[in-house]
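This report concerns only the one structure given below.
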Amino acid sequence: MSQQIRFSILVVTAAILAARIAATAPASSQPPPSLRHRQRDEECGFAGNSDLYGLGICLGVYLQWISSLVVWAWYPEGSASLMQTYLIFLFAIMIVVLVSTLQDAPLFAGEIVVLTYIVFGGVYSMIFQTVTRRKARPVAGPSPIMWLALFSLLGTAGVYCSWFWLGGLHGHMLPTPCGTHTFFFTKVSVYEPAISKFFGTLSILFSVSFVPQPLLYLSTRIGPLSKLDEEWKLLLSPWTSSYTRESRGRLLIEAPIFSVILCIYPIIAVELILHWNSIRDVYTINTTGQLIPFTIALTGFVRCIYKSIEEKLPMGLRSEIEGAAEPPPVPTEGEQPDDAATVESKPKSLPNTAEVRPCGQMDG
1 MSQQIRFSIL
11 VVTAAILAAR
21 IAATAPASSQ
31 PPPSLRHRQR
41 DEECGFAGNS
51 DLYGLGICLG
61 VYLQWISSLV
71 VWAWYPEGSA
81 SLMQTYLIFL
91 FAIMIVVLVS
101 TLQDAPLFAG
111 EIVVLTYIVF
121 GGVYSMIFQT
131 VTRRKARPVA
141 GPSPIMWLAL
151 FSLLGTAGVY
161 CSWFWLGGLH
171 GHMLPTPCGT
181 HTFFFTKVSV
191 YEPAISKFFG
201 TLSILFSVSF
211 VPQPLLYLST
221 RIGPLSKLDE
231 EWKLLLSPWT
241 SSYTRESRGR
251 LLIEAPIFSV
261 ILCIYPIIAV
271 ELILHWNSIR
281 DVYTINTTGQ
291 LIPFTIALTG
301 FVRCIYKSIE
311 EKLPMGLRSE
321 IEGAAEPPPV
331 PTEGEQPDDA
341 ATVESKPKSL
351 PNTAEVRPCG
361 QMDG
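This is the structure:
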């Protein structure tokens, strides 16, 4: 038997023995990496409330923040309608949070941290952008009633967050099994004394800033408090005075930069907090509670884009598009063409039937 045949037989025999040994060997106790990651999430995390901070809700909020950038830059007249949508989102979230807290429903601290970023992440984009844009380019903004509702909701959210960080976090909220973390330029624990005190102090400052605003608005409607309102206006006049031409130009450069940064930061924070706390079942849009807000926000975003493009069109092209979109009016029965109507509208001259005589002259 040649050496090649012997070598082939040895190779085949070794392969058969290796296969039999592999088949009879006990399975490895280590699951695949994907399964290990899933088991860790189930052990460390919890099933989240998709109707409160699910994918549809988060995408809807993100679209509102991005829409605010579009509105600030190209379509400032749309700030009122955008604030209406933001108020609806904010009101619904605060109602659910307050009712769940008052009913002693099991709430995880990580959930409140996510909602904190969702609520206050749009404060700059919805308030300060509107104010600065109106100073740089005066336009009709949201009505006083909208401002009153917004400041009332943000004041309520500030008071709630102050209670959460300084008291509710340690005795009324459930901790995540493997630790509750938040985002503050890095991964930090919410139970760190410095972190909880910092966010608690920040929440108090928000409360002090927003809670008096509805009272000041109401003071203008009540006689005895009108003097207090005037004193507040004098106190705030250095910060609310009209901008000079140089400051307006600087504002138009600085505001977009801060807008983009303060829009990206809360988006990153929300997504990292959901991941770090292993919050499950929140990355699908399969419930009515998510589809409706997402559809509303998407419609508003598309409208902002459309209006912004329309504003940038030349006036002549815009008139042609609007004229082509509107069919010419069809005259109904009994109506006359424009030329006939013009002729008909001219006053007719009266015939000269009598000679004009001087006063007092009589017929002969």
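In the UniProt record's numbering, the protein residues as written are 1 to 364.
C-beta: ideal position from N, C-alpha, C; glycine also.
Leaving out five residues on either side along the sequence, give the residues of the same chain with a beta carbon under 7 angstroms from the beta carbon of residue i.
i, result
"residue 71", "78, 79, 82, 304"
"residue 47", "280, 281"
"residue 156", "94"
"residue 340", "Any reading at residue 340 needs caution, since the residue's pLDDT is 46, under 50, leaving its predicted position unreliable; the model's value is listed next. Counting only Cβ-Cβ distances below 7 angstroms, and skipping sequence neighbours, we find nothing."
"residue 188", "181, 182, 195"
"residue 173", "107, 108, 109, 112"
"residue 116", "161"
"residue 57", "290, 293"
"residue 103", "none"
"residue 114", "53, 270, 273, 274"
"residue 67", "82, 300, 301, 304"
Which residues in the same chain as residue i place their Cβ atom closer than 8 angstroms to its Cβ, once the five residues preceding and following it in sequence are excluded?
i, result
"residue 24", "Bear in mind that the predicted position of residue 24 carries a pLDDT of just 42, short of 50, making it too unreliable to give a figure here."
"residue 287", "50, 51, 54, 56"
"residue 65", "121, 122, 125, 263, 266, 267"
"residue 186", "none"
Alpha carbons only, please: which of the options is nearest the one belonging to residue i?
i, options, result
"residue 266", "120, 103, 287", "120"
"residue 197", "185, 163, 178", "163"
"residue 206", "186, 158, 116", "158"
"residue 175", "185, 186, 111", "111"
"residue 118", "76, 107, 61", "61"
"residue 59", "278, 291, 161", "291"
"residue 270", "45, 53, 49, 44", "53"
"residue 311", "57, 65, 76", "76"
"residue 365", "191, 203, 84", "Nothing can be reported for residue 365, as the shown portion of the chain is limited to 1 through 364."
"residue 87", "293, 272, 208", "293"
"residue 43", "278, 302, 185, 306", "278"
Looking only at its own chain, which residues have a Cβ that is under 6 angstroms from the Cβ of residue i, when we skip the five neighbours before and after it?
i, result
"residue 154", "210"
"residue 199", "165"
"residue 33", "Interpretation of residue 33 is limited by its pLDDT of 41, a score under 50 that renders its predicted location unreliable; the figure taken from the coordinates is listed afterwards. Contacts found: none."
"residue 283", "55"
Helix, strand or coil: how does DSSP classify residue i here?
i, result
"residue 209", "helix"
"residue 182", "strand"
"residue 282", "coil"
"residue 190", "coil"
"residue 107", "coil"
"residue 26", "A caution first: residue 26 carries a pLDDT of 44, below 50, which makes its placement in the model unreliable, though a value can still be read off. Coil, per DSSP."
"residue 70", "helix"
Give me the Cα-Cα distance between residue i and residue j, rounded to the nearest whole angstrom.
i, j, result
"residue 105", "residue 167", "17 angstroms"
"residue 262", "residue 109", "24 angstroms"
"residue 74", "residue 214", "30 angstroms"
"residue 260", "residue 194", "28 angstroms"
"residue 225", "residue 216", "For residue 225, the pLDDT reaches just 46, beneath the cut-off of 50, and the residue's location in the model is therefore unreliable, although a value from the coordinates is still provided. Spanning the two alpha carbons is a distance of roughly 9 angstroms."
"residue 257", "residue 122", "15 angstroms"
"residue 178", "residue 275", "12 angstroms"
"residue 51", "residue 91", "14 angstroms"
"residue 45", "residue 289", "23 angstroms"
"residue 212", "residue 204", "13 angstroms"
"residue 170", "residue 49", "21 angstroms"
"residue 308", "residue 201", "39 angstroms"
"residue 30", "residue 192", "Unreliable positioning characterises residue 30 in this predicted model, as indicated by a pLDDT of 42, which lies under 50. The coordinate reading is nonetheless provided below. Each residue's Cα considered, the two are about 34 angstroms apart."
"residue 424", "residue 63", "Summary: the structure shown does not reach residue 424, with the chain confined to residues 1 through 364, and so no result is reported for it."
"residue 208", "residue 302", "36 angstroms"
"residue 69", "residue 89", "18 angstroms"
"residue 184", "residue 190", "10 angstroms"
"residue 40", "residue 285", "Confidence at residue 40 is low in this model, with a pLDDT of 49, below 50, so the placement of that residue is unreliable and no value is reported for it."
Any beta carbon from chain B within less than 8 angstroms of residue i's own beta carbon?
i, result
"residue 112", "Of the protein chains in the structure, only one exists, and it is not chain B."
At a cut of 8 angstroms, does the stretch 295–304 reach the stretch 146–154 through at least three beta carbon pairs? no
Within the chosen definition, does the stretch 257–272 reach the stretch 96–108 through at least 3 CB pairs nearer than 8 angstroms? no
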